[in-house]
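I have placed the structure first, in the form of structure tokens, so that the comments after it can refer back to it.
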Amino acid sequence: MPSRVLSSQEVQEDATPVTQVRVVVHTQGAAGPNTSDNHWSLYLVHPNGTSSIRINMRAEFGDPTGILEWTKHDYVHSISTVRYWDFPVAAGITVLFFARLIYNLRRDRYDMSGGGSGCRWWVYNVMSDMAQENYIHQSAPGEIWPNLLFLYHKHQERRELQMVRGEFV
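In my numbering, the protein residues as written are 3 to 171.
Shown next as structure tokens:
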């Protein structure tokens, strides 16, 4: 089954259980001989371990207005993944819990930072929201934070990258 874009209404009614939140850093191709451009997103992993829903905050080139995109996949590992971290989800939590949390807290209204790294700040805030609601462990935001402060490459060492914060509007 190919990936499918889901509407905000669909995800807010989706009772599919979630076992893990996967934080993924993707490569967007080479930025130079020893670096890649990165993008960060979240995956809600289903109990079967073979399917997921991706939560992706992105923007069009030249426009910082965030676009929240939900996509359903028949995989849990994207081919663009450079690194990922998994966080177990509390029993009984389904896709709709995450979707309603994001929309209720207006995390869908986000202006990316200039310089193209606002996705990291968005991921951190949504992870913090999830922990606050006890969907994931309280320690998860603190565990992911140091990893968010790097630029990753498939074949080179990671490189420090200052956090640039977008703005929730």
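Backbone N, C-alpha and C fix where the C-beta goes; we use that ideal spot for every residue, glycine too.
CA nearest to the CA of residue i, picked from the options
i: Leu172; options: Ser53, Asn58 and Gly51; result: This structure leaves residue 172 out entirely; the chain is present only between 3 and 171.
i: His28; options: Val171, Lys156, Gly168 and Arg167; result: Lys156
i: Ser119; options: Glu71, Ala17 and Leu153; result: Leu153
i: Ile104; options: Leu46, Lys74 and Met132; result: Met132
i: Tyr126; options: Ser54, Lys74, Asn149 and Ser10; result: Asn149
i: Arg56; options: Gln30, His79 and Gly68; result: His79
i: Trp87; options: Ser54, Asp65, Gly168 and Ala142; result: Ala142
Span of the beta strand (DSSP E) around residue i
i: Tyr154; result: It is not in any beta strand (DSSP E) - Tyr154 carries neither H nor E in the DSSP assignment.
i: Ser54; result: Ser54 to Arg60
Residue i versus residue j: straight-line alpha-carbon distance, rounded
i: Leu163; j: Gly51; result: 32 Å
i: Ala61; j: Tyr112; result: 10 Å
i: Val7; j: Val166; result: 28 Å
i: His71; j: Val13; result: Checking the sequence shown, residue 71 turns out to be Glu, not His. Going by the C-alpha atoms only, they are around 11 Å apart.
i: Arg122; j: Leu46; result: 17 Å
i: Arg85; j: Gln11; result: 30 Å
i: Pro19; j: Pro49; result: 7 Å
i: Pro90; j: Glu145; result: 13 Å
Collapsed DSSP secondary structure at residue i in the structure displayed
i: Pro148; result: helix
i: Pro143; result: helix
i: Asn106; result: helix
i: Ser10; result: helix
i: Phe100; result: helix
i: Ser43; result: strand
i: Ile69; result: strand
i: Glu15; result: coil
i: Phe63; result: coil
i: Arg85; result: strand
i: Ile95; result: coil
i: Gln164; result: coil
i: Glu169; result: strand
i: His1; result: One cannot answer for residue 1 here, as it falls past the ends of the chain, which runs 3 to 171.
Range covered by the alpha helix (DSSP H) that runs through residue i
i: Asn127; result: Gly120 to Gln134
Where residue i falls, given that 16 or more other Cβ within 10 Å makes a residue buried
i: Asp16; result: buried
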